[in-house]
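Below you'll find the structure, written out as structure tokens, and then a few comments.
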Amino acid sequence: MKMHILNGGRLRMRKSVYLPGADRAETIDLPVSCVLLRHAQGNVLFDTGCHPSTVEDAASRWGTMAKAMVPIGAPHENVISGLAELGITPDDVDVVVNSHFHSDHCGCNEFFRSATVICHAKELEAAQGADAVQRGYIPADWQHPMPTDAIEAQRDVFGDGRLVLLPLPGHTPGTLGAMVGLDRDGSFLLTADAVALRANLDQEIMPRNTWNPDAATQSLQEIRKIQAAGATVLFGHDAQQWDELRKGAKFYE
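End of the sequence shown = 253 in UniProt numbering, gap-free, step of one.
Structure, rendered in structure tokens:
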């Protein structure tokens with residue numbers, strides 16, 4: 001199996017959202033990552049990043065949320081362009097896994113009409129709630145006609161231990177992570193926003209945009225156990241780690 005890390009956009013936000021001790025006027029630039037897993041049984045895309053239209057006019061799609069989460073990427077910085085560089089079209093993707101349904105993680109879902117979408121059942125429930133838009137769930141990003149497989153527990157996608165989805169609630173009710181087992185490069189844990197920045201894990205700093213701090217703390221404890229067992233933790237939005245990773249055609253395997 002090969003793992004390609006793809007650019008899903010870039011955002012600028014208040015640094016204090018993720019590091020509450022920061023000055024409220026200070027901002028932080030955040031990479032948005034998507035991960036393509038090329039398995040013998042099919043292509044899986046973990047998260048789909050920001051919709052390309054948000055680069056030019058985020059407010060039309062996101063409304064007032066565009067003031068707090070400002071896209072700063074170039075027009076080509078999206079997962080569709082990243083896949084094209086690998087010679088892959090959206091129709092070549094068999095499964096989309098959404099770690100959660102915030103717009104920077106499911107914004108390009110609409111392009112993957114041939115895929116089955118896997119999410120957590122509690123995330124689907126939250127996205128359908130009466131206060132969903134106020135909580136950051138934008139229907140244009142997550143609500144599409146593709147088949148949806150809403151899981152409630154750990155899921156081994158291919159039944160061979162190579163890609164195992166793990167519930168890591170806290171950031172949202174149904175946040176999912178993914179354990180990836182590669183022959184040459186070892187094990188990786190894709191955490192998405194269960195751990196947005198390295199400092200959130202290393203210094204036990206709880207972001208302000210945490211749905212349930214107690215659940216998030218339990219998820220951090222689980223992530224630390226997995227890290228201690230030898231897995232490389234891939235954070236959701238850590239710029240320093242992003243710069244160090246192989247990306248695009250430079251895959252892990």
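We put the beta carbon where it would ideally sit given N, CA and C, even for glycine.
Taking the Cα positions, Phe111 is about 6 Å away from Pro90. Of all alpha-carbon atoms in His120, Thr27, Ala130, the one lying nearest the alpha-carbon of Val96 is that of His120. Apart from the 5 residues on each side of it in sequence, Gly63 sits with its Cβ closer than 8 Å to the Cβ of Val133, Ile138 in its chain, given in chain order. Assignment of beta-bridge partners to Met179 by DSSP yields Val164, Leu189. Collapsing the DSSP output to three states places Ser16 in a helix. Counting other Cβ atoms within 10 Å of its Cβ, Ser99 reaches 16 or more and is therefore classed as buried. In this structure Ser219 does not touch Gly174 by the C-beta definition: roughly 12 Å separates them, more than the 8 Å allowed. DSSP, reduced to helix, strand and coil, places Thr64 outside both helices and strands of the structure shown, so it counts as coil. The C-alpha of Ser187 is placed about 27 Å away from the C-alpha of Ser103.
Secondary structure note for Leu36: its beta strand (DSSP E) is the uninterrupted segment 27-39. In the DSSP assignment, Ile118 falls within the beta strand (DSSP E) that extends over 116-120. In the DSSP assignment, Arg224 forms no beta bridge with any residue.
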